[in-house]
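> One structure coming up, written as structure tokens, with questions to follow.
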Amino acid sequence: MEREIYQIPFGQENLTIAFNNLAEQANGSVVVNWGETCVIANVVMSKNDRPELNFFPLLVDYEEKYYAAGKIYGSRFVRRESRPSTVAILTGRLIDRTIRPLFPDNLQREVQVVVTCLSFDNSHDPDVIGIIAASLALGVSDIPWLGPVSAVRVGWSLEQGFLFNPTYEEREKLALELVVSGPENKINMLEGGAQEVKEEIVKEAFRLAQQEIFTLNQAQESIIKTMGREKIKIVNEEQNSELQADIEEFVKLYKVEEYLFTGQEKQKASSHQLSIDDLFKNYLIEKNYSDDQIKKARNLLEEKINSIIHQNIIQNERRPDGRKLDEIRPIEAAIDVLARVHGSAIFMRGLTHALSIVTLGSPADNLFLQGMEVTGRKRFMHHYNFPGYSTGEVSASRGPGRREIGHGALGERSLEVVLPPEEEFPYTIRVVSEIMSSNGSTSMAATCASSLALMAAGVPIKSHVAGVAIGLMSELDPTSEAGLRYKIITDIQGPEDHYGDMDFKVTGTEKGVAAIQMDMKIKGVVASVLEEALDRSKAARLIILEKMNQVIDKPRPELSPYAPRIFTLKIKPEKIGELIGPGGKVIQGISQNFDVQIDIQDDGTIFVTAPDKTKGEAALAEIKAITKDFIEGEIVQGKITQIKEFGAIVDLGHRHEGLLHISELAPYRVNRVEDIVRSGDMVKVKIKKVDDSGKISLSLKDADADSNKPSFQSKRPVNRSYPKRKFSPKNY
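The sequence shown runs 3 to 734 under my numbering.
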């Protein structure tokens, strides 16, 4: 097998890049190794154009293979990979968002990028090298593409400072973690989280990442220059001057620009596209254009509208809804909008409305993860739903797509920062954000609504988390330092999101940044542009947080009456077997008798989840009794269950038994056990000794001496005679 191997520096190690004929029929293929983590990227392009599509048909897949980590997973009956995990979907989105802006606008062929993890060493994350592998595969292929792009993971903590491409172990200690990617010396994609880190630290991360990206791109360019194939030429269709003139006439005749900038948000969000499309189609039909020409003309009209919006914002600072560049839409919020749920809130910013609902569950409701890269459990989930009716459209409900999963993960990362430790609040927390109405920035509205709902539910979060989306309108300007003439806009709405060049989402608290997500439609921007956008996001976030605090400024002291109650108890690990009982009989009995759910941790931590306080406390008392440690000298009550020649067996309750030796029955010599106690008698006894195996020795005479009261209730007849003996040491 022919191979060409290259090495480039990557953090503290090297990337090994191999070109071979493994996927010989793909347009481009490359294998990248980092440590013992290995990915292969393969890219293919269809032979024919798809001019009927009004979007670029790019499909990006990232595949995890169980064998890469030496695991066999799946159901008992299907031992193979099935649907991609959430981690795989999010990694695929990282790759997609990085490479998509660099395809030529006039490319109409289907392109597929498949990145597969072949080996995983539990130390080196395959996501960043997956981006680099996709870039190299596209770069050496004949597919038209304006790369390369590179990616780097930047971490920061107070103790370690800045780190490039840290291992999993190093990442556990980080206060900031960002995946940054882009072409040349620019940035076009961001994804990451932080522990309320100050904006100045995030800005420095941008600057350092930009330098590292530039170095990696130079190394890639050298490889592509040697290994690359000639790109397929895209034949640009000749412009129909008559059609262009008719589009200009339509824009003027129907006052499209005036319609776009009437300042009425509702009109822009729901009706203007439909109205313009219908008017334009009828206009072209009257001019005898064919169906194919009308499809192409719609794309040209989109370009014209895009130009109108760009020019108005860049040159005149004029936004479609009439706001200033740094102005936030009107905000409304309310909590307790649903009666029976554990917590609820609605957050409305303009025509974007998000309803969030909190549900609390037991530790057994944790989500169990089983994948190539991540195995374990998680107690907090944030799910985001985007139904068709939120945009006034008809669409089938087929479950969450990649976008919904990505937006849900962004909110989850944002809110995790303020959650209480599991030791203090052991509940499983699920938050669902339903987008009721959409006009841009729905993921940020979902985060705000979820923060309100958590406080309303009584979850003791540290503070509110708010988010805002910052946009960009730009045009090339080689004379400027950034290479662009641009305007940054706060709280983007529908048309600005659709036609804008950047969607820069930032969430955080009053103290600092919690999460960042950014993608672009243009090739990329320099770090200084993002720094300006970050400052704008902070100013907006503080305003939004103030509005949210007016609704509820701290978590409720009590949970909803409809939420379960969790009680915590710590027992010795060796007592776990006693609590479970043979075949689980004991623990099942407690669960059924008290209507509770019991979760046992390996360290002896017990969680009792009950529908109310009374049942929970009763179950807790039962568990304490079962796992009780008897202490020498303690007075307890028990029932005689067996009579032996050498003494009596006393049931101390909850499967605990002790031996009451005949010598411990009375302060004098006893010849027959039945002379003092009989089966069924209730007696108070003193714990004489507990040996290492847990066997308990009891004393009746010591208990009687301590209490100066009768130590048992006998079931013997009242007229029974007993031997009267005066106590004397001679009796022993």
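Quick reminder that beta carbons are idealized off the backbone N, C-alpha and C, glycines included.
Would Tyr-564 be called buried (16 or more neighbouring beta carbons within 10 Å of its own) or exposed?
Exposed, since its Cβ has fewer than 16 Cβ neighbours within 10 Å.
> Looking at the structure shown, is Lys-641 part of a helix, part of a strand, or coil, going by DSSP?
It is a strand residue.
> In the DSSP assignment, the beta strand (DSSP E) including Ser-530 goes from what residue to what residue?
It is not in any beta strand (DSSP E) - Ser-530 instead sits in the alpha helix (DSSP H) that spans 529 to 553.
> Within 10 angstroms of the Cβ of Glu-414, are there 16 or more other Cβ atoms? Answer buried if so, exposed if not.
By the 10 Å Cβ count, Glu-414 comes out buried.
> In the DSSP assignment, what are the bridge partners of Gln-599?
DSSP, once it has assigned bridges, lists Thr-611 as partnering Gln-599.
> For Pro-11, which three-state DSSP category applies?
Three-state DSSP puts Pro-11 in a strand.
> Using alpha carbons as the reference points, say which of Val-33, His-409, Leu-109 lies closest to Asn-238.
Among Val-33, His-409, Leu-109, the Cα nearest to that of Asn-238 is on Leu-109.
> Any contact of the region 280 to 288 with the region 455 to 463, i.e. 3+ C-beta pairs under 8 Å?
At 8 Å Cβ cutoff, the stretches do not touch.
> Between which two residues does the alpha helix (DSSP H) containing Thr-629 stretch?
That residue, Thr-629, is in no alpha helix (DSSP H); it is neither H nor E in DSSP.
> Spatial neighbours of Lys-513 within its chain, please: C-beta separation below 6 Å, excluding the five flanking residues on both sides.
Taken in chain order, the residues that qualify are Glu-198.
> Quick check on DSSP: helix, strand or coil for Asp-367?
Helix at Asp-367.
> Are there 16 or more other CB atoms within 10 angstroms of the CB of Tyr-391, so buried, or fewer, so exposed?
So Tyr-391 ends up on the exposed side.
> Specify the secondary structure class of Arg-155 as computed by DSSP and reduced to three states.
Arg-155 falls in the strand class under three-state DSSP.
> Counting pairs of Cβ atoms below 8 Å between the region 379 to 395 and the region 458 to 475, do you hit three or more?
Short answer: they don't touch.
> For the alpha helix (DSSP H) that Met-446 lies in, which residues bound it at each end?
Per DSSP, Met-446 belongs to the alpha helix (DSSP H) from 444 to 458.
> Alpha carbon to alpha carbon, how far is Ile-472 from Asp-499? Give it in angstroms, no decimals.
The alpha-carbon atoms of Asp-499 and Ile-472 are separated by roughly 9 Å.
> Should Pro-480 be labelled buried (16 or more other beta-carbon atoms within 10 Å of its own) or exposed?
So Pro-480 counts as exposed.
> According to the Cβ coordinates, are Met-191 and Leu-96 closer than 8 Å?
Yes, the pair counts as a contact, with Cβ atoms nearer than the cut-off.
> Pair every Cβ in the region 488 to 505 with every Cβ in the region 160 to 171, then say whether three or more of these pairs are closer than 8 Å.
Taking 8 Å as the limit for Cβ pairs, the verdict is that the region 160 to 171 does not touch the region 488 to 505.
> Are the Cβ atoms of Ala-535 and Leu-412 separated by less than 8 Å?
Going by C-beta atoms, Ala-535 is not nearer than 8 Å to Leu-412.
> What distance in whole Å lies between the Cβ atoms of Ala-612 and Ile-1, which are believed to be in contact at a cut-off of 8 Å?
There is no way to answer for residue 1, as the model of the chain reaches only from 3 to 734.
> Where does Phe-282 fall in DSSP's three states?
Here Phe-282 sits in helix by DSSP.
> Does the count of Cβ pairs from the region 129 to 142 and the region 248 to 268 closer than 8 Å reach three?
No: fewer than three Cβ pairs fall under 8 Å.
> State the DSSP-derived secondary structure class of Met-383, mapped to helix, strand or coil.
Strand.
> Taking just the CA atoms, how far does Asn-441 sit from Ile-307?
Roughly 18 Å between the two C-alpha positions.
> Tell me the DSSP secondary structure of Gln-27 in three-state form.
DSSP places Gln-27 in coil when its eight states are reduced to three.
> Taking just the CA atoms, how far does Pro-106 sit from Ser-309?
Cα-Cα distance, rounded: 18 Å.
> Let me check one thing: in DSSP terms, what residues is Ala-43 bridge-paired to?
BP columns for Ala-43 point to Val-32, Val-117.
> Taking the beta carbon of Leu-176 as the centre, do at least 16 other beta carbons fall within 10 Å, making it buried, or is it exposed?
Classification of Leu-176: buried, given that the 10 Å Cβ count is 16 or more.
> Decide if the region 153 to 165 is in contact with the region 61 to 76; the criterion is three or more beta carbon pairs, one per stretch, under 8 Å apart.
Judged by Cβ distances under 8 Å, the region 153 to 165 makes no contact with the region 61 to 76, as fewer than three pairs qualify.
> Terminal residues of the continuous beta strand (DSSP E) containing Leu-303?
Element bounds for Leu-303: not the beta strand (DSSP E) but the alpha helix (DSSP H), 293 to 318.
> On the CB-based measure, 16 or more other CB atoms within 10 Å of its CB, does Arg-538 come out buried or exposed?
Arg-538 comes out buried.
> Could you check what DSSP says for Met-374 in three-state terms: helix, strand or coil?
Met-374 falls in the coil class under three-state DSSP.
> Since Pro-150 contacts Gln-222 with CB under 8 Å, what's their CB separation in whole angstroms?
Right, their Cβ atoms sit about 4 Å apart.
> In the DSSP assignment, what residue or residues form a beta bridge with Arg-432?
Answer is Thr-361, Met-383, bridged to Arg-432.
> Does the beta-carbon distance from Ser-416 to Thr-444 come in below 8 Å?
No; because the gap between Cβ atoms is not below 8 Å, this pair is not in contact.
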